Amino acid sequence: MAGTVRRLTWQVGEVVEASPQTPRTKSLFLELPEWPGHRAGQHVDVRLTAEDGYQAERSYSIASAPESGRLELVVERLDDGEVSPYLADELHEGDGLELRGPIGGWFAWDAKEGGPLLLVAGGSGIAPLMAMARHRKAAGSDTPVRLLYSSRSYAEIIFRQELETLAADDETLEVIQTLTRSRPEGWRGYDRRIDGEMLREVAYPPEEHPLAFVCGPTPLVETVATALVDLGHDPNRVKTERFGPTGG
Amino acid sequence: MDEQRLDGNAAAGILQEVFAFEITTARAACVQCGATGEVGAQMAYVTEIGTVLRCSSCDNPLIRIVRQNETPQRYWLDLKGINYLQLQ
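Residue numbers (the working numbering), protein chains in the order written: chain X, 1248 to 1495; chain P, 25 to 112.
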């Protein structure tokens, strides 16, 4: 984005709501004293400071649409994590949280860029893609979207209800789910990890030049990006956001 | 030390501390293989002390940035892996 002449500064946001999403994830809603606005797909850096001065920083994708008044982050509790257990378990309404952003204009989508849009997520990698789906709706865009989302089990699908509602209300938005570990009775989605065959079935054909955003654990992101390029998609239109092997 | 191999986007926080331009959409040209691409499309190796951005084509280190957190805060920015950065 041209003309973003702004040094990043830390600020303290207030947690105005903390609500469970799934057994291991929680949505934190924040209000910030100064927020210049963000683009769907961008992230923030969160910083925790211990009493002895030790600091730890982590990046969290923004799940809320730019049109929303509050900033929503999805935090997943990783038992050996340095930051995520605090965010998931210790942080409550009224608490402050130090962060800076928005950061990263590369993994970002504006409704006016069009598509078609192929969104592929694993686990909490849904967060920035949810911002895109919400932004698309808020902007009144009819850009075709297919969202392929991999979760371990039905109970671990983040934003399940909202995704169902979004897809039910909109013929140009399709949500395709896969569950890799366990499925409820009568499950009609996919039942395995995302692979090339699944992407061949789900993705728009390369001739339609879809813009792909892929976010999740590193192995998933690398599998998907490689498979899309093998299927003939333009590598310059496949944008990836790896969460790393563990996050934290 | 733990090192995470992530997307160039993961280097945006620390790089944005020293660049007053949107850095992830800036294009970098690799001195080793000549490939050009957006910073966000390169690979970032992130540790507590600093970040190395490597070329996604040939793995050559493009940008290295280290931050010293004591006061006064200092940065070491090594750009010798790139021929140029094209900023918008």
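Note that the Cβ used here is the ideal one computed from N, Cα and C, for glycine as well. Quick caveat: nothing in here was measured; it's all calculated off a predicted structure.
Asked: Helix, strand or coil at N84 of chain P [DSSP, three-state]; Found: coil
Asked: G17 of chain P in three-state terms, based on DSSP; Found: The shown model of chain P, from 25 to 112, leaves out residue 17 of chain P, and the question about it has no answer.
Asked: Residue-level contact to chain X via CB, Q110 of chain P, 8 Å cutoff; Found: no
Asked: Min CB distance D1292 of chain X to chain P below 8 Å; Found: yes
Asked: Per-residue burial, T1425 of chain X [other beta carbons within 10 Å of its own, 16 or more giving buried]; Found: buried
Asked: Cβ pair G32 of chain P, T48 of chain P closer than 8 Å; Found: yes
Asked: DSSP-derived helix/strand/coil call for H1382 of chain X; Found: helix
Asked: Buried or exposed (CB count within 10 angstroms, at least 16 for buried), S1398 of chain X; Found: buried
Asked: CB contact check: T1487 of chain X to chain P, cutoff 8 Å; Found: yes
Asked: Reference S1371 of chain X, options X:D1342, X:W1356, X:E1418 and X:V1321, closest by Cα; Found: X:V1321
Asked: V1330 of chain X: first and last residue of the uninterrupted beta strand (DSSP E) it sits in; Found: Element bounds for V1330 of chain X: n/a, residue is neither H nor E.
Asked: Stretch pair the region 1327-1340 of chain X + the region 1428-1436 of chain X: three plus CB contacts closer than 8 Å; Found: no
Asked: Cutoff 8 Å: S1306 of chain X Cβ touching any chain P Cβ; Found: yes
Asked: Check whether L86 of chain P and A52 of chain P have beta carbons under 8 Å apart; Found: yes
Asked: Endpoints, beta strand (DSSP E) assigned at L1255 of chain X; Found: First-last for L1255 of chain X: undefined, no H or E at that position.
Asked: Check whether P1276 of chain X and F1354 of chain X have beta carbons under 8 Å apart; Found: It is Phe, not Pro, that sits at residue 1276 of chain X in the sequence shown. Cβ distance not < 8 Å, so F1276 of chain X and F1354 of chain X don't count as in contact.
Asked: Proximal residues of chain A, C-beta to C-beta of L1255 of chain X below 8 Å; Found: Absent from the structure is chain A; the protein chains it does hold are X and P.
Asked: At least three beta-carbon pairs within less than 8 Å, the region 1439-1455 of chain X to the region 1385-1396 of chain X; Found: yes
Asked: Extent of the continuous alpha helix (DSSP H) to which L1467 of chain X belongs; Found: T1465 to D1477
Asked: Check whether R1440 of chain X and T1427 of chain X have beta carbons under 8 Å apart; Found: yes
Asked: Stretch pair the region 1360-1375 of chain X + the region 1458-1474 of chain X: three plus CB contacts closer than 8 Å; Found: yes
Asked: Candidates P:R98, P:E72 and P:G58: closest to Y108 of chain P by CA position; Found: P:G58
Asked: CB contact check: A52 of chain P to chain X, cutoff 8 Å; Found: no
Asked: Beta-carbon spacing of A1287 of chain X, L1295 of chain X below 8 Å; Found: no
Asked: Backbone CA spacing between G1479 of chain X and L1346 of chain X [nearest angstrom]; Found: 39 Å
Asked: Proximity winner among X:Y1401, X:I1405, X:R1305 and X:P1457, relative to G1436 of chain X (alpha-carbon distances); Found: X:Y1401
Asked: Contact set between N33 of chain P and chain X, taken where Cβ atoms lie within less than 7 Å; Found: G1351, W1353, F1354 and E1488
Asked: Chain-order list of residues whose beta-carbon lies under 6 Å from that of E62 of chain P (same chain, five-residue window excluded); Found: T49 and R51
Asked: Sequence-distant residues of its chain with Cβ nearer than 8 Å to C54 of chain P (five each side left out); Found: T60, C79, S81, C82, N84, L86, G105, I106 and N107
Asked: C-beta contact flag for S1315 of chain X and H1290 of chain X at 8 Å; Found: no
Asked: Contact list for G74 of chain P against chain X, beta-carbon separation under 7 Å; Found: Going along chain X, no residue has its Cβ under 7 Å from G74 of chain P, so there is no contact; the nearest lies around 12 Å.
Asked: Neighbour-count burial assignment, L111 of chain P, 16 or more Cβ in a 10 Å radius; Found: exposed
Asked: Close beta carbons around I1404 of chain X, own chain, < 6 Å, minus the five adjacent residues each side; Found: S1398
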